[in-house]
Amino acid sequence: MTVAEYKKKAKKFVKLVEGWTEEEQYKQKFWTNLVGGVFGETDINYMEFEKPVYDVLTNTTKFIDVYIPSTKVIVEHKSAGKDLDEAFRQAFNYNNNLPADEKVNWIVVSDFARIIVYDMSTSGFPSIEIRTTNLEKDY
């Protein structure tokens, strides 16, 4: 895909998700449209939505919003304005409870307006923040 094609798709995505604020209503559509519509991944079946993970501390089963085993990614999505630091801690806990061969290299958290990507393979877990509205211009 050319840069111009990517920018056109990113602009279309930003317009599509404008006004999306509720996690339960839109999170799967958000990630399906971002990965498929912008990045051009035609087989979105590689994303697992609501992957169960057993939490040994609480003795309960929790659910990962999006798990991508091929690239070792956990996505924790929140409604607009929610605490993304807490979302990271939640995803970090999920990762700690995954079997060793399923542990991730990347944790991604989002509240629709922001997407924060954490590199779990590097000490200190450095991150980058992407403003959804800037997707076309900056990324």
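Sequence positions in the sequence shown follow our numbering and run 166 to 304. Just so it is clear, CB atoms sit at the ideal spot from N, CA and C, and this is done for glycine as well.
Which class does residue i belong to by DSSP, given the choice of helix, strand or coil?
i	result
residue 228	strand
residue 112	Since the first and last residues shown for the chain are 166 and 304, residue 112 lies out of range.
residue 269	coil
residue 294	strand
Below 7 Å between beta carbons: does that hold for residue i and residue j?
i	j	result
residue 237	residue 274	no
Check for me: the beta strand (DSSP E) holding residue i runs from which residue to which?
i	result
residue 214	213-220
residue 240	238-242
For residue i, I'd like the list of residues in its chain whose CB is within less than 7 Å of its CB, leaving aside the five on either flank, ordered along the chain.
i	result
residue 294	279, 281
residue 298	179
residue 186	244, 245, 277
Can you tell me which of the options puts its alpha carbon nearest to the alpha carbon of residue i?
i	options	result
residue 296	178, 260, 169, 167	178
residue 266	227, 191, 235	235
residue 303	167, 172, 193	172
residue 226	185, 263, 187	263
residue 300	170, 167, 175, 169	175
residue 241	211, 289, 208, 189	189
residue 181	198, 170, 193, 169	198
residue 218	202, 211, 239	239
residue 207	292, 196, 183	196
residue 216	259, 254, 203, 200	259
From what residue to what residue does the alpha helix (DSSP H) around residue i run?
i	result
residue 189	188-197
residue 170	168-182
residue 249	249-262
residue 158	The requested residue 158 is not part of the displayed model; the chain covers only 166 to 304.
With a CB to CB cut of under 8 Å and the five nearest residues on each side skipped, what residues in its chain are close to residue i?
i	result
residue 213	229, 231, 232, 233, 234
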